[in-house]
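Shown next, in structure tokens, is the structure this report addresses.
Residue numbers (the numbering used here), protein chains in the order written: chain A, 3 to 274; chain B, 3 to 274; chain C, 3 to 274.
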């Protein structure tokens, strides 16, 4: 594997604190030549599933990198710190809680996993509460400088990696039970649905859909882009990651429905 | 024109989503040596005028760059994707909706305009909703690597570029009708007024002004710096971009007046 | 002193405006090779003490740098613009208001102080309201390029530097009077207490503490990590900077107590 010089960085740290800046400092103190790409730091607090979705979807747009990802509700309680190496030579660094696996599997599959335990490659003493700074950022920096993953600690059996349930949409009669994967700044609600799901229930060719979510029952246009409907009207579109997304043209679908990540959305044909 | 290696980046994407991070990824995947300067990502959602004001005012403080700017309420509806080249060799990339023109005109005038359509220089398939990632970021990266603007697509007649009305302040008898251009984090209200406007109505030599805005009628000191008045008092100052700005010393003028971008402010002599 | 190529940057500018981006532009226009680390830009507005705490705590995790720090409520009123050089060759740039001193003293002590006044090394005309852009960012860039601190203006007597009172916790009978230094995104309340303070009042060996803050009186576990208590329970832990921090496992201590920076917290033994 060629030496890596880029670290991509995703977390739930937000930018209101010094967490991200200090991790940058730690990385650049070890590896001054490294370039850091801040992919996302507003993963919903401690929501591993949200982090896993964003990491997986963003990955195809990132250069070959060491991918540092930290969403870590169990920090300090003994969960494993992990390095994953993949078939197409991406490297992932983060907690062993299911955050990394969906993205890593999309990169040619996981070919090796290592526990981070070599104290020479960490900041010591390791704090109980900020292992992004003390464990993961130093590991990412050393990996970017070319240190082999196997130097960080013992190999982990791939069977032993912690999995996190992925929420799959399911069909029931003529409708689909979906959930909101994430909400963006514009209030668009990304669902765990693709066009193929609509085909399953014969809804791929329709012009209108009914969506039930958070006590609302609305009819929405199924279209190609926001401006296929008048301002303030609902529309279902395929978003830029190939997921179906519920939006309001020039408006905010999340605010209109008071819906957010993990909200249930039932999608079916319009009632008559 | 010398090869450019810096991309400045302004948008209304915010930092709560992966939009900005993914655009960084796309740029650096194409052009790993490029340096990206994040100028501003909290342009008010889809407010082209706000983006145009910030881009124009920030420009003199940026190094020679490819200036990538995306505020794009009509994404997906067929508006043109644009490259502007200017007299003093700055390059602008963004939607053809008036966002780029005020800044570009300040850089020695627009000397050429090109539509971005060459699929070899885009990410395909181009999504309908995230052309910052699929069209503008790749274009900026290739431009920064030295690809000529004319490689991206056909030249556009400069007469055909979309203009956006600029809100000019106007004088009526002894007072000025102005609007708020933008509000900063400290609640300072930047007006579309310069000192010369006050001269027009004979108010450049006064000590106090009357401002009417959002139902309030207040008397404000016209001074040089915030601390010319006591804490919590209003003051009108020339801000760091040469615009008149309504502020409260150690306070928040926007909150006090419940005013924001596009609020009308009528500025005249104090009533007796 | 070796030439410096890194600038760390801390401010209360936030990221909702162009302030930070424009300062990046100014630095990179002067010093295109410099790397900027954004440590923190959400210092509480104009709260010098908060900035001083974060700068001091972050410093050990940053590479050798020019440390640019701007929290400047008295901008425009004649306070000095300052460069501090330290015993172990860190350089600090910022206003002379006490912001820089605690961090600089931790870097081998202040060995020299200079007033920034050489107009050749500033942006002129210097605005009254945005000296981060016109004074401090250019100074940091020139320093990073190797210009000597003494080039910027006259030496300042170290006795004349503006100090800011540091809030020390104090013991009274069996309890400690402390204040909240800062609150992070997770609502954890960092106190101006270390383990040694608990020893002073014989509380270092206890399992439970009583905390009184903002009208609440709560019993909290004194533990090693958040998960030593059940979700939603309070716990006092040593945080990753060695300070005692009041937290709620999987919850938000600041929201529960409605406490924030500068809130008083009285820590003692549980009442019977």
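Glycine included, each C-beta is placed from N, C-alpha and C at the ideal position.
Note down the Cα distance separating residue i from residue j, rounded to an integer number of angstroms.
i                     : j                     : result
residue 88 (chain C)  : residue 60 (chain C)  : 16 Å
residue 130 (chain C) : residue 106 (chain B) : 27 Å
residue 4 (chain C)   : residue 66 (chain C)  : In this prediction, residue 4 (chain C) scores a pLDDT of 38, lower than 50, which makes its location untrustworthy; the coordinate-derived value is nonetheless stated afterwards. Rounded to the nearest angstrom, the two C-alpha atoms are 10 Å apart.
residue 218 (chain B) : residue 259 (chain B) : 7 Å
residue 268 (chain A) : residue 15 (chain A)  : 32 Å
residue 124 (chain C) : residue 169 (chain A) : 56 Å
residue 271 (chain B) : residue 178 (chain B) : 10 Å
residue 166 (chain C) : residue 112 (chain C) : 16 Å
residue 62 (chain A)  : residue 220 (chain A) : 34 Å
residue 92 (chain B)  : residue 69 (chain B)  : 8 Å
residue 189 (chain C) : residue 97 (chain A)  : 22 Å
residue 95 (chain B)  : residue 243 (chain B) : 24 Å
residue 41 (chain C)  : residue 19 (chain C)  : 17 Å
residue 127 (chain A) : residue 232 (chain C) : 26 Å
residue 51 (chain A)  : residue 33 (chain A)  : 30 Å
residue 122 (chain A) : residue 103 (chain A) : 26 Å
residue 84 (chain B)  : residue 8 (chain A)   : 30 Å
residue 175 (chain B) : residue 273 (chain B) : 14 Å
residue 30 (chain B)  : residue 36 (chain B)  : 7 Å
residue 12 (chain B)  : residue 187 (chain A) : 16 Å
residue 162 (chain C) : residue 229 (chain C) : 48 Å
residue 207 (chain C) : residue 164 (chain C) : 40 Å
residue 118 (chain A) : residue 86 (chain C)  : 39 Å
What distance in whole Å lies between the Cβ atoms of residue j and residue i, which are believed to be in contact at a cut-off of 8 Å?
i                     : j                     : result
residue 184 (chain B) : residue 55 (chain B)  : 6 Å
residue 216 (chain C) : residue 247 (chain C) : With a Cβ gap of about 16 Å, residue 216 (chain C) and residue 247 (chain C) do not count as contacting.
residue 120 (chain C) : residue 154 (chain C) : 5 Å
residue 71 (chain A)  : residue 101 (chain A) : 6 Å
residue 48 (chain A)  : residue 252 (chain C) : 7 Å
residue 257 (chain A) : residue 191 (chain A) : The Cβ separation is near 11 Å, so there is no contact.
residue 151 (chain A) : residue 160 (chain A) : Not really, about 13 Å apart at Cβ, beyond 8 Å.
Does any CB atom of chain C fall closer than 8 Å to the CB of residue i?
i                     : result
residue 19 (chain A)  : yes
residue 64 (chain B)  : yes
residue 142 (chain B) : no
residue 37 (chain B)  : yes
residue 13 (chain B)  : no
residue 47 (chain A)  : yes
residue 119 (chain B) : no
residue 42 (chain B)  : yes
residue 60 (chain B)  : yes
residue 241 (chain B) : yes
residue 229 (chain B) : yes
residue 56 (chain B)  : yes
residue 252 (chain B) : yes
residue 262 (chain A) : no
When the cut-off is 8 Å and only beta carbons count, does residue i lie next to chain B?
i                     : result
residue 26 (chain A)  : no
residue 6 (chain A)   : Note on residue 6 (chain A): pLDDT 43, under 50, position unreliable in the model; the coordinate value appears next. Closer than 8 Å: no.
residue 131 (chain C) : yes
residue 166 (chain C) : no
residue 75 (chain C)  : yes
residue 135 (chain C) : yes
residue 111 (chain C) : no
residue 34 (chain C)  : yes
Compute the distance between the beta-carbons of residue i and residue j, then report whether it is under 8 Å.
i                     : j                     : result
residue 157 (chain C) : residue 116 (chain C) : yes
residue 194 (chain C) : residue 203 (chain C) : no
residue 226 (chain C) : residue 239 (chain C) : yes
residue 73 (chain C)  : residue 45 (chain C)  : yes
residue 90 (chain C)  : residue 114 (chain C) : no
residue 352 (chain B) : residue 211 (chain B) : Outside the shown range of chain B, which is 3 to 274, sits residue 352 (chain B), and nothing can be said about it.
residue 17 (chain B)  : residue 43 (chain B)  : yes
Output, in chain order, the set of chain D residues within a Cβ distance shorter than 9 Å of residue i.
i                     : result
residue 226 (chain C) : Among the chains of the structure shown, chain D does not appear; the protein chains present are A, B and C.
So, does the CB of residue i fall closer than 8 Å to a CB anywhere in chain A?
i                     : result
residue 187 (chain C) : yes
residue 30 (chain B)  : yes
residue 1 (chain C)   : There is no way to answer for residue 1 (chain C), as the model of chain C reaches only from 3 to 274.
residue 100 (chain B) : no
Q: Tell me, please, whether the segment 62-78 of chain B touches the segment 133-147 of chain B by the rule of three or more beta-carbon pairs shorter than 8 Å.
A: yes
Q) Are the segment 137-153 of chain C and the segment 23-32 of chain C touching by the rule of at least three beta carbon pairs closer than 8 Å? A) yes
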